[in-house]
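Note that the protein sequences, when read in sequence, are chains A and B. Here the first sequence is numbered in the numbering used here, starting from 6 and rising by one per residue. Here the second sequence is numbered in the numbering used here, starting from 650 and rising by one per residue. For every residue, glycine included, the Cβ atom is placed at its ideal position computed from N, Cα and C.
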Amino acid sequence: MFKRRLVPSPRDASVLVDPQLGDSSYVASFGYEWHHLDAYVDKEVLSHGHLFGRFLLERDYFRGKAVVDVGCGNGRIGRFIAAQAAGYVGVDLSESVYAFPKHLPRPPSFALVRASGTDLPLDDDSVDVAVCWGVLHHMDDPEAAMQELLRVVRPGGEILVYVYSTSLDQRKNLNGLWKYLPAERQRHYIESLSDAIDSWRDVDEFFAIQLASQVSMYFKSNRDLQILQWFDGVTPHYHWSLQKAIGPFFESRGFTARETAPGCFRIRRPPAKP
Amino acid sequence: MIEKPERKLLDAIQPYVLLAASTLISCSYNANFAAFGLVQQPHSYRARAKAGRVSFEVPEWLPFEECLFTGPGGALNAVVKHLALRRRAEPGAGGVRNCIVELPPGLAGDGSEFTLTYFAWFRFAAPPFDFHAEGRAAHYVGEALQHLAQSRGLVAGLDLQEDAAVVQLTDRLRIEVVGNQVLTELSVLASAEETTIGLGSLTLDVSGTMFPDVHHALRDALAAGEVFRGLALNVDADRALLHARGAADVQA
Numbered sequence: 006m007f008k009r010r011l012v013p014s015p016r017d018a019s020v021l022v023d024p025q026l027g028d029s030s031y032v033a034s035f036g037y038e039w040h041h042l043d044a045y046v047d048k049e050v051l052s053h054g055h056l057f058g059r060f061l062l063e064r065d066y067f068r069g070k071a072v073v074d075v076g077c078g079n080g081r082i083g084r085f086i087a088a089q090a091a092g093y094v095g096v097d098l099s100e101s102v103y104a105f106p107k108h109l110p111r112p113p114s115f116a117l118v119r120a121s122g123t124d125l126p127l128d129d130d131s132v133d134v135a136v137c138w139g140v141l142h143h144m145d146d147p148e149a150a151m152q153e154l155l156r157v158v159r160p161g162g163e164i165l166v167y168v169y170s171t172s173l174d175q176r177k178n179l180n181g182l183w184k185y186l187p188a189e190r191q192r193h194y195i196e197s198l199s200d201a202i203d204s205w206r207d208v209d210e211f212f213a214i215q216l217a218s219q220v221s222m223y224f225k226s227n228r229d230l231q232i233l234q235w236f237d238g239v240t241p242h243y244h245w246s247l248q249k250a251i252g253p254f255f256e257s258r259g260f261t262a263r264e265t266a267p268g269c270f271r272i273r274r275p276p277a278k279p
Numbered sequence: 650m651i652e653k654p655e656r657k658l659l660d661a662i663q664p665y666v667l668l669a670a671s672t673l674i675s676c677s678y679n680a681n682f683a684a685f686g687l688v689q690q691p692h693s694y695r696a697r698a699k700a701g702r703v704s705f706e707v708p709e710w711l712p713f714e715e716c717l718f719t720g721p722g723g724a725l726n727a728v729v730k731h732l733a734l735r736r737r738a739e740p741g742a743g744g745v746r747n748c749i750v751e752l753p754p755g756l757a758g759d760g761s762e763f764t765l766t767y768f769a770w771f772r773f774a775a776p777p778f779d780f781h782a783e784g785r786a787a788h789y790v791g792e793a794l795q796h797l798a799q800s801r802g803l804v805a806g807l808d809l810q811e812d813a814a815v816v817q818l819t820d821r822l823r824i825e826v827v828g829n830q831v832l833t834e835l836s837v838l839a840s841a842e843e844t845t846i847g848l849g850s851l852t853l854d855v856s857g858t859m860f861p862d863v864h865h866a867l868r869d870a871l872a873a874g875e876v877f878r879g880l881a882l883n884v885d886a887d888r889a890l891l892h893a894r895g896a897a898d899v900q901a
């Protein structure tokens with residue numbers, strides 16, 4: 006399945022590292038956020054809805070299939086896939102991959118790999134399903150990553166992609182400022198303003214909601230999640246608007262693409278000709 | 650040169666300057682500046698009691714439950730959501746709705762005037778909690794900021810001028826609020842440095858000495874060729890100036 010030799014991580018031997026992994030410094034803080042949010046992930050049952058609901062998947066969709074989860078993070082989506090699939094490979098560039106839960110069901114063929122989504126260490130035509138949830142819009146070269154997704158999916162297989170919808174384009178202005186704040190202070194600003202707006206909500210919910218929506222912050226019942234989602238929305242270095250590009254990219258390469266929800270695409274590779 | 654006590658206060662204020670910059674930048678994307686309209690002036694609506702109730706005709710956007718409800722002669726003076734009175738909102742025609750409050754028997758006769766007011770600054774309520782802000786917006790905000798500072802242990806002075814309020818946080822640090830009818834400017838001044846939010850002009854002029862993180866982020870964004878839709882950005886070694894280009898909608 007792997008097209009080159011991967012080495013066990015000195016930090017956690019259950020995670021494999023691609024020796025060709027280049028500079029991943031830009032995702033370091035990103036990874037930090039996801040790595041430290043186990044508490045929220047256990048509560049976020051909605052990830053199941055993200056996956057099955059938004060892509061309109063049947064209950065046993067992943068059963069018996071080999072799946073690669075590109076940008077798996079700490080497994081917020083992957084845990085639902087791994088519980089069903091015959092094979093699961095979670096790939097992430099950041100250290101969040103170390104936080105993938107060890108206590109949940111895993112298929113016989115299971116691997117976590119620290120590697121780049123723009124240079125997957127997988128063989129051609131090696132998976133039945135490639136999942137890429139909320140990742141492409143933050144990658145340095147999303148087109149290269151899309152090319153990799155279609156390379157690794159077998160004929161008759163499917164790619165599931167979620168990218169930010171154009172309704173979030175307003176964030177681009179904000180992102181143009183926030184990503185240049187000192188990296189070590191981004192978390193301080195996110196936390197202090199998140200808490201401030203949250204406390205205003207108790208006194209004047211209307212204005213707090215107005216302000217939060219203007220600065221792309223969403224109120225959540227869990228503080229960690231609220232902070233993470235704001236961090237995720239405004240600080241990554243790359244913030245591409247891809248919703249309109251996904252369909253044409255894959256369709257021009259002979260795949261069929263269906264948008265099941267804003268930004269959610271089921272992309273099918275035609276079966277091999279007999 | 651910023652002294653140590655002022656530096657500490659400016660560091661505490663810096664997230665709010667970032668919030669102001671973020672809101673201006675974000676609003677500029679769609680040229681919708683409703684959030685600025687909300688903080689500029691109190692939005693007041695009057696109605697007279699009739700048959701034991703008072704019915705206000707208000708714009709649909711007005712947050713009825715967050716409004717201050719005041720009665721004649723100080724009879725009732727509280728945010729609607731805290732009132733122990735029956736109330737409801739009914740849709741009206743042409744972008745308005747009717748907000749109806751049932752009055753307790755004997756409170757006010759027919760023809761008595763009631764007021765419904767929304768002002769985002771009410772959340773920083775100023776003593777003695779009379780919420781009187783109409784025609785004295787700058788003074789009200791000055792009082793609210795003084796109250797906020799004092800509640801955090803600062804001995805803050807307040808100078809109410811003809812069309813402005815000056816909140817003196819330390820000998821070398823003050824906040825100036827301008828515009829009693831409509832707030833036009835909020836400035837933070839430290840020694841010879843000044844940072845100003847132009848609520849009317851939709852501008853933000855940031856001193857790099859006062860708020861280095863915001864200034865440096867804007868400087869680096871400009872250097873990297875970032876394009877902010879609807880916004881002009883000028884930065885030099887000392888200052889950063891943001892100016893919204895398309896102020897198409899400054900009202901809520």
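Query raised in the report: Quick one: which chain B residues come within Cβ less than 7 angstroms of Gln175 of chain A?
Result: Position 170 of the first sequence holds residue 175 of chain A. In chain order: Ser675, Tyr678 and Asn679.
Query raised in the report: Which full runs of the alpha helix (DSSP H) of 4+ residues lie inside the segment 138–174 of chain A, going along the chain?
Result: 147–157
Query raised in the report: Going by other Cβ atoms of all chains shown within 10 Å of its Cβ, with 16 needed for buried, is His731 of chain B buried or exposed?
Result: For this step, residue 731 of chain B is matched to residue 82 along the second sequence. That one is exposed.
Requested in this report: Give the straight-line distance between the Cα atoms of Ala700 of chain B and Gly758 of chain B, rounded to the nearest whole angstrom.
Outcome: Taking the second sequence and counting its residues from 1, the one referred to as residue 700 of chain B is at position 51. Taking the second sequence and counting its residues from 1, the one referred to as residue 758 of chain B is at position 109. One C-alpha to the other measures close to 8 angstroms.
Requested in this report: Determine the chain A residues that contact Glu715 of chain B at a beta-carbon separation under 7 angstroms, and present them in chain order.
Outcome: Here residue 715 of chain B is taken as the residue at index 66 of the second sequence, counted from 1. Per Cβ cutoff of 7 angstroms: Asp209, Glu210 and Phe211.
Requested in this report: Please list the partners that Gln219 of chain A has in chain B, where partner means a Cβ-to-Cβ separation under 7 angstroms.
Outcome: Translated into the one-based positions of the first sequence, residue 219 of chain A becomes position 214. By Cβ distance, chain B contributes Thr672, Ser675, Cys676 and Ala684.
Query raised in the report: Is any beta-carbon of chain A found at less than 9 angstroms from that of Glu783 of chain B?
Result: Here residue 783 of chain B is taken as the residue at index 134 of the second sequence, counted from 1. Answer no: the Cβ-Cβ gap between Glu783 of chain B and chain A never drops below 9 angstroms.
Query - For Gln900 of chain B, three-class secondary structure by DSSP - result: Residue mapping note: residue 900 of chain B aligns to position 251 of the second sequence, counting from 1. Here the model assigns Gln900 of chain B a pLDDT of 38, short of 50, so the residue's position is not dependable and the matter cannot be decided.
Requested in this report: Within the segment 753–828 of chain B, note down every full beta strand (DSSP E) run reaching 3 residues or more, in order along the chain.
Outcome: 762–767, 806–809, 813–819 and 822–827
Query raised in the report: Between the Cα of Glu148 of chain A and the Cα atoms of A:Glu63, A:Arg258 and A:Pro24, which residue gives the shortest distance?
Result: As a first step, residue 148 of chain A is located in the first sequence; it is residue number 143 there, counting from the start. If we check each option's Cα against that of Glu148 of chain A, A:Arg258 comes out closest.
**Report entry** At least three beta-carbon pairs within less than 8 angstroms, the segment 741–752 of chain B to the segment 177–193 of chain A
**Finding:** no
Query - Enclosing alpha helix (DSSP H) for Ile674 of chain B [first to last residue] - result: Here residue 674 of chain B refers to the residue found at position 25 when the second sequence is read from its first residue. Lys653 to Asn679 is the extent of the alpha helix (DSSP H) around Ile674 of chain B.
Query raised in the report: By a C-beta neighbour count over all protein chains shown, 10 Å radius and 16 as the cutoff for buried, is Gln900 of chain B buried or exposed?
Result: Reading the second sequence from its first residue, position 251 is the one you call residue 900 of chain B. Caution is warranted here: a pLDDT of 38 is assigned to Gln900 of chain B, below 50, making its placement in the model unreliable, and no coordinate value can be reported.
Query raised in the report: If you compare alpha carbons, which of A:Asp17, A:Ala18 and A:Pro24 is closest to Phe7 of chain A?
Result: Here residue 7 of chain A refers to the residue found at position 2 of the first sequence. Per the Cα distances, A:Pro24.
**Report entry** Extent of the continuous alpha helix (DSSP H) run through Gly95 of chain A
**Finding:** One-based indexing of the first sequence puts residue 95 of chain A at position 90. Element bounds for Gly95 of chain A: not the alpha helix (DSSP H) but the beta strand (DSSP E), Gly92 to Asp97.
Query - Val831 of chain B: first and last residue of the uninterrupted alpha helix (DSSP H) it sits in - result: Locating residue 831 of chain B in the second sequence gives position 182, counting from the first residue. Note, Val831 of chain B: premise wrong, no alpha helix (DSSP H); not H, not E.
**Report entry** Minimum C-alpha distance to Leu11 of chain A - residue among A:Arg111, A:Arg81, A:Ala120 and A:Leu98
**Finding:** For this step, residue 11 of chain A is matched to residue 6 along the first sequence. Here the closest residue by C-alpha is A:Ala120.
Report task. May I ask you to verify whether the segment 242–250 of chain A touches the segment 165–174 of chain A, counting CB pairs closer than 8 angstroms and requiring at least 3? Result -> yes
Report task. Run down chain A in chain order and give the residues with a C-beta less than 8 angstroms from the C-beta of Arg894 of chain B. Result -> The sequence position of residue 894 of chain B within the second sequence is 245, counting from 1. The premise fails here: Arg894 of chain B is roughly 12 angstroms from chain A at the closest Cβ pair, so nothing lies under 8 angstroms.
**Report entry** Partners in chain B for Ser197 of chain A, counting only beta-carbon separations shorter than 7 angstroms
**Finding:** As a first step, residue 197 of chain A must be located in the first sequence, where it is residue number 192. Neighbours of Ser197 of chain A on chain B, chain order: Pro664.
Query raised in the report: To the nearest whole angstrom, what separates the beta carbons of Arg888 of chain B and Asn829 of chain B, a pair I think is in contact under 8 angstroms?
Result: As a working note, residue 888 of chain B is residue 239 in the second sequence. As a working note, residue 829 of chain B is residue 180 in the second sequence. So it is not a contact: roughly 28 angstroms between Cβ atoms.
**Report entry** Residue range of the unbroken beta strand (DSSP E) whose run includes Ser704 of chain B
**Finding:** Taking the second sequence and counting its residues from 1, one reaches residue 704 of chain B at position 55. Segment Arg702 to Pro708, the beta strand (DSSP E) holding Ser704 of chain B.
**Report entry** Proximal residues, the segment 231–242 of chain A versus chain B, C-beta separation under 9 angstroms
**Finding:** Val239
Query raised in the report: What residues in its chain sit with their C-beta under 6 angstroms from that of Glu264 of chain A, if we drop five residues either side in the sequence?
Result: As a working mapping, residue 264 of chain A is identified with position 259 in the first sequence. Around Glu264 of chain A: Phe270.
Requested in this report: Would you kindly report the start and end of the unbroken beta strand (DSSP E) that includes Arg81 of chain A?
Outcome: If you number the first sequence from 1, residue 81 of chain A lands on position 76. No beta strand (DSSP E) holds Arg81 of chain A; DSSP gives it neither H nor E.
Query raised in the report: For Gly238 of chain A, which residues from the same chain have a beta carbon less than 7 angstroms from its beta carbon, with the 5 sequence-adjacent residues on both sides left out?
Result: For the purposes of this step, residue 238 of chain A is taken as the residue at position 233 of the first sequence. Counting only Cβ-Cβ distances below 7 angstroms, and skipping sequence neighbours, we find Arg176 and Ser221.
Query raised in the report: Is it the case that the Cβ atoms of Asn79 of chain A and Ser101 of chain A are separated by a distance below 9 angstroms?
Result: As a working note, residue 79 of chain A is residue 74 in the first sequence. As a working note, residue 101 of chain A is residue 96 in the first sequence. Yes, these two residues count as a Cβ contact at 9 angstroms.
Query - Residue range of the alpha helix (DSSP H) that includes Gly847 of chain B - result: Here the question's residue 847 of chain B lines up with position 198 in the second sequence. Where Gly847 of chain B is concerned, there is no enclosing alpha helix (DSSP H), although the beta strand (DSSP E) it sits in stretches over Glu842 to Gly847.
**Report entry** Cα-Cα separation between Ala44 of chain A and Ala87 of chain A, rounded to whole angstroms
**Finding:** On the first sequence, residue 44 of chain A is found 39 positions in, with the first residue counted as 1. On the first sequence, residue 87 of chain A is found 82 positions in, with the first residue counted as 1. Only weak support exists for where Ala44 of chain A lies, its pLDDT of 48 falling under 50; the value from the coordinates is given anyway. If you take the alpha carbons of Ala44 of chain A and Ala87 of chain A, they lie about 20 angstroms apart.
Query raised in the report: Would you say Ala775 of chain B faces chain A, with C-beta separation under 9 angstroms as the test?
Result: In the second sequence, counting from the first residue as 1, residue 775 of chain B sits at position 126. Closer than 9 angstroms: no.
Report task. In the DSSP assignment, find the unbroken alpha helix (DSSP H) run with Val102 of chain A in it and report its ends. Result -> If you number the first sequence from 1, residue 102 of chain A lands on position 97. Val102 of chain A -> no alpha helix (DSSP H), and no H or E assigned at all.
Query raised in the report: Name the DSSP bridge partner or partners of Asn180 of chain A?
Result: The residue labelled residue 180 of chain A in the question sits at position 175 within the first sequence. The partner list for Asn180 of chain A (beta bridge, DSSP) is empty, contrary to what the question assumes.
Requested in this report: Please work out which residues of its chain come closer than 8 angstroms, Cβ to Cβ, to Leu659 of chain B, disregarding the five sequence neighbours upstream and downstream, and give them in chain order.
Outcome: Residue 659 of chain B sits at position 10 when you count from the first residue of the second sequence. These residues qualify, in order along the chain: Ile651, Leu822, Val837, Ala839, Met859 and Phe860.
Query raised in the report: What first and last residue would you give for the alpha helix (DSSP H) that runs through Arg192 of chain A?
Result: Mapped onto the first sequence, residue 192 of chain A falls at position 187. It spans Ala188 to Val208 - the alpha helix (DSSP H) in which Arg192 of chain A sits, taken as one unbroken run.
**Report entry** Any C-beta of chain A under 9 angstroms from that of Gly722 of chain B
**Finding:** Within the second sequence, residue 722 of chain B is the residue found at index 73, counting from 1. No - not a single Cβ of chain A is within 9 angstroms of the one on Gly722 of chain B.
Report task. Determine whether the Cβ of Trp245 of chain A lies closer than 9 angstroms to any Cβ atom of chain B. Result -> The count along the first sequence starts at 1 and reaches residue 245 of chain A at position 240. No - not a single Cβ of chain B is within 9 angstroms of the one on Trp245 of chain A.
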